[in-house]
Amino acid sequence: MYVNKTAVDATATANGGAIFNTYAFRSSTEFDQSFARGKNFSNGIPILKEKLIASAIRPIRAF
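Rendered as structure tokens:
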């Protein structure tokens, strides 16, 4: 989604949604018991996010 951020932002705003913020978003892909994979949307760097800490999410409709 980061690679296609410009297209995702355009589609979201055209349908009444919002553009991506520069947050670090957590995915549903587990890394281990305590962490999930994520992506920093300000620079595209993959990260690990602790599951016990509240995180921004972005639901998607299709893969």
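Residue numbering for the sequence shown is 2 to 64, as defined by my numbering.
Glycine is no exception: its CB is placed at the ideal position from the N, C-alpha and C atoms.
In this text the structure is predicted, and so the values were computed from the model without any measurement.
Please determine, among the options, the residue with the shortest C-alpha to C-alpha distance to residue i.
i, options, result
"I58", "I46, A15, F21 and Q34", "F21"
"K50", "R38, S43 and N44", "R38"
"G18", "F26, E31, V9 and Y24", "V9"
"M2", "A55, R27 and I54", "R27"
"T23", "N5, K52 and G45", "G45"
"L53", "T12, Q34 and K40", "Q34"
Give the DSSP bridge partners of residue i, in chain order.
i, result
"A76", "Nothing in the structure corresponds to residue 76, since the chain is present only between 2 and 64."
"I48", "G39"
Three-state secondary structure (DSSP) at residue i?
i, result
"A11", "helix"
Can you give me the Cβ contacts of residue i inside the same chain, cut-off strictly under 6 Å, excluding the 5 residues immediately before and after it?
i, result
"E31", "A37"
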